[in-house]
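Quick note on the numbering used here: the sequence shown kicks off at 9 and runs consecutively.
Report on one structure; see the data block that follows.
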Amino acid sequence: MEQHYLLDTHALLFWVESTGISAEFIHFLDEQQSLGRLCVSTISFWEMALLVKKGRIAVADVHAWKNDLLNNTALQLLEPSATEMIDSVSLPDHHKDPFDRLLIAQANRRNMTLVTRDTEIAMYDVSLFWM
9 MEQHYLLDTH ALLFWVESTG ISAEFIHFLD EQQSLGRLCV STISFWEMAL LVKKGRIAVA
69 DVHAWKNDLL NNTALQLLEP SATEMIDSVS LPDHHKDPFD RLLIAQANRR NMTLVTRDTE
129 IAMYDVSLFW M
């Protein structure tokens with residue numbers, strides 16, 4: 009069975025903007041995307057919109073950014089299920105961020121590898137690919 013990768017929100021931004029990660033890592037993610045193995049959760053766009061509102065990231069129009077990305081890549085968009093939402097609440101309290109907790113639950117339920125730099129996520133029983 010081929011491995012699929014779920015991008016943490018920061019990993020998505022770094023990959024799309026080609027910043028903060030190595031050229032080799034960008035190439036790896038590009039390759040996974042072209043094979044249909046790279047995924048993003050719908051919650052990452054919610055998190056992005058909140059980060060833009062708080063002034064933590066600069067994206068002029070999150071809708072346009074999302075639409076451009078999804079229309080020009082083979083990135084798979086995943087919606088969290090009710091089961092994954094419940095699972096995220098049942099995780100140990102190592103990490104308080106509800107977005108990251110839901111990504112962990114999604115990766116686990118779907119047997120995916122979570123792509124992240126978040127060291128707190130490493131405290132969970134989840135397959136990780138470190139950026």
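Ideal Cβ positions, reconstructed from N, Cα and C, are used throughout, including at glycine.
Starting from residue i and walking both ways along the alpha helix (DSSP H), at which residues does that stretch end?
{"i": "T50", "result": "T50 to K61"}
{"i": "V134", "result": "No alpha helix (DSSP H) holds V134; DSSP gives it neither H nor E."}
{"i": "V70", "result": "V70 to N79"}
What did DSSP end up calling residue i once you bin it into helix, strand or coil?
{"i": "T27", "result": "coil"}
{"i": "L43", "result": "coil"}
{"i": "Q153", "result": "Lying before the first or after the last residue shown, residue 153 is absent from the chain, which here runs from 9 to 139."}
{"i": "V67", "result": "coil"}
{"i": "P106", "result": "helix"}
{"i": "D38", "result": "helix"}
{"i": "D101", "result": "coil"}
{"i": "M93", "result": "helix"}
{"i": "E10", "result": "coil"}
Check whether the Cβ atoms of residue i and residue j sit closer than 8 Å, and answer yes or no.
{"i": "T121", "j": "S135", "result": "yes"}
{"i": "A115", "j": "S96", "result": "no"}
{"i": "E55", "j": "T91", "result": "no"}
{"i": "L1", "j": "M93", "result": "Since the first and last residues shown for the chain are 9 and 139, residue 1 lies out of range."}
What are the residues that DSSP puts in a beta bridge with residue i?
{"i": "L15", "result": "V48 and V123"}
{"i": "L86", "result": "S49"}
Would you check if there are 3 or more beta carbon pairs closer than 8 Å linking the region 40-48 to the region 73-92?
yes
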